[in-house]
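As they're listed, the protein sequences go chains C and Z. Quick note on the numbering used here: the first sequence kicks off at 917 and runs consecutively. Quick note on the numbering used here: the second sequence kicks off at 917 and runs consecutively. We put the CB at the ideal spot given by N, CA and C, even for glycine. Keep in mind that this is a model prediction, so the values were computed, not measured.
Protein chains: 2
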Amino acid sequence: MSKGVEWAIHTLLNLAMLGDDKPVGSAQLAAGHGLPVAYHNKQLQSLVKAELLTSTPGPRGGFRLARDPDSISLLDVVLAIEGNGTLFRCTEIRQCGKIGELSTGGDGSTACAVKRAMYRGDVAWREALAAQKLSDVQKELDIDDPSVTTTVRRAFGRD
Amino acid sequence: MSKGVEWAIHTLLNLAMLGDDKPVGSAQLAAGHGLPVAYHNKQLQSLVKAELLTSTPGPRGGFRLARDPDSISLLDVVLAIEGNGTLFRCTEIRQCGKIGELSTGGDGSTACAVKRAMYRGDVAWREALAAQKLSDVQKELDIDDPSVTTTVRRAFGRD
DNA sequence: GTCTAAATACTCGGATACCCGCTGTCCGAGTGGTCCGGG
DNA sequence: CCCGGACCACTCGGACAGCGGGTATCCGAGTATTTAGAC
């Protein structure tokens, strides 16, 4: 899994902790965690396409959360960055080679058993991530370090 | 996830369906599903290192299952091919940049909340794969197409 | 003083190189089988 | 006929290229602000 996922989650959490609706520029967001500005900007565009962020151009522009943190799951973020493909990709090799040629019994309607089995793992992963909203992670973050919100606000020049 | 995982699972299943302990050469295993021989051989070596297969060199040599199919989980196969790393890699960017520098409150002992949250998804995925053994998939495969075992045996020149 | 309009500075957005890891291929090391010669 | 040794064919194992996607970077399109000028 690409680093962009970690970057996106932290960035979204920072925006959630700021709370207000003032846009924050890509440069500021990247500076918050010392990330390469231009590439991070590219990831933010992916989040905009996925409708997790809204962008406003021009001076005083930047990015805002498109929805409340309790309606954005970690799965949403992962899919926005990685694309909505599955972890395991079935190539249907069961239909190739000698075995594929000799195979005749099963009807072609049923999906490959290997595919089904691997997809069960995929579904478990997705459900676990979908169950966790940004607001949940934000709460945990606050429990670990109650001063984190103040720190973030200060890092972005608020207060 | 790399294709090698799909290849490895099908190959192990084929060996399980053959049942006997006669070694099968890398070339035959690859021909079973029309895979590139040399590269597939490379993957088989990974399975040997993970102690899922045993290899015997020389003429009449090849690969055999190292354990019973009911003691090999899909997770074992995935980790053997992909390495035992986690899906989500935490880079600790929370400690970098402006926010990292200003952050002081939380004790360094607790892991990043984002890391913990993502690892929950990782654990769910691993558990779902660990719960499914090769024998289970083999049974499903046999239900979908009762003639599959015969087909595989024939494809490998048995009977 | 106020309205208008142009210049400006700052932002996002997409097009362009770079690099690491999966993919694919090759050849060498090692082993068991086989064949030939001798007893 | 039986035994021993050398040859050989076949196997795995690791070392060597090729390519695609993530990574990183730059420059152009667009907009709100600012500012200068005219009324």
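- prompt: Mind checking if H956 of chain Z is an interface residue toward chain C, Cβ cutoff 8 Å exclusive?
  reply: It does not: the Cβ of H956 of chain Z has no partner Cβ on chain C nearer than 8 Å.
message: Among Z:A947, Z:L1057, Z:S1051, Z:N930, whose alpha-carbon lies nearest the alpha-carbon of S987 of chain Z?
response: Nearest to S987 of chain Z by alpha-carbon distance, out of Z:A947, Z:L1057, Z:S1051, Z:N930, is Z:S1051.
message: Looking only at its chain, what residues have a beta carbon closer than 7 Å to the beta carbon of K1031 of chain Z, apart from the 5 residues adjacent to it on each side?
response: Spatial neighbours of K1031 of chain Z in its own chain (CB-CB distance under 7 Å, excluding positions within 5 residues in sequence) are listed in chain order as C1006.
query: What separation, rounded to the nearest whole angstrom, lies between the Cα atoms of V921 of chain Z and K938 of chain C?
result: Take the alpha-carbon of V921 of chain Z and the one of K938 of chain C: they are about 46 Å apart.
message: Suppose contacts are defined by Cβ-Cβ distances below 8 Å. Is Q1054 of chain Z in contact with M933 of chain Z by that definition?
response: Result yes, Cβ atoms of Q1054 of chain Z and M933 of chain Z sit closer than 8 Å.
field: Range covered by the alpha helix (DSSP H) that runs through G1021 of chain Z
entry: First-last for G1021 of chain Z: undefined, no H or E at that position.
query: Using a beta-carbon distance below 8 Å, is F1004 of chain C in contact with chain Z?
result: Chain Z contact via Cβ: present.
task: Look at V1018 of chain Z and L929 of chain Z and say whether their C-beta atoms are less than 8 Å apart.
output: It is Leu, not Val, that sits at residue 1018 of chain Z in the sequence shown. No; because the gap between Cβ atoms is not below 8 Å, this pair is not in contact.
- request: Would you mind telling me which residues of chain Z sit closer than 7 Å to G999 of chain C, beta carbon to beta carbon, in chain order?
  value: Here the premise fails: no neighbours, minimum Cβ distance about 14 Å.
- request: May I ask which residues mark the beginning and end of the alpha helix (DSSP H) holding S942 of chain C?
  value: Where S942 of chain C is concerned, the enclosing alpha helix (DSSP H) stretches over 942-948.
- request: Select from C:D1038, C:R1074, C:G1013, C:S989 the residue whose C-alpha is nearest the C-alpha of A1046 of chain C.
  value: For A1046 of chain C, the closest C-alpha among the options C:D1038, C:R1074, C:G1013, C:S989 is that of C:S989.
field: G1073 of chain Z versus V993 of chain C: straight-line alpha-carbon distance, rounded
entry: G1073 of chain Z and V993 of chain C have their C-alpha atoms some 50 Å from each other.
field: Interfacial residues, the stretch 931-956 of chain C to chain Z, with Cβ spacing under 9 Å
entry: So the close ones are Q944, A946, A947, G948, H949, G950, L951.
message: Contact defined as beta carbons within less than 8 Å: I believe G1021 of chain Z pairs with S1063 of chain C. What is the distance between those atoms, to the nearest angstrom?
response: Rounded, the Cβ-Cβ distance is 4 Å, consistent with contact.
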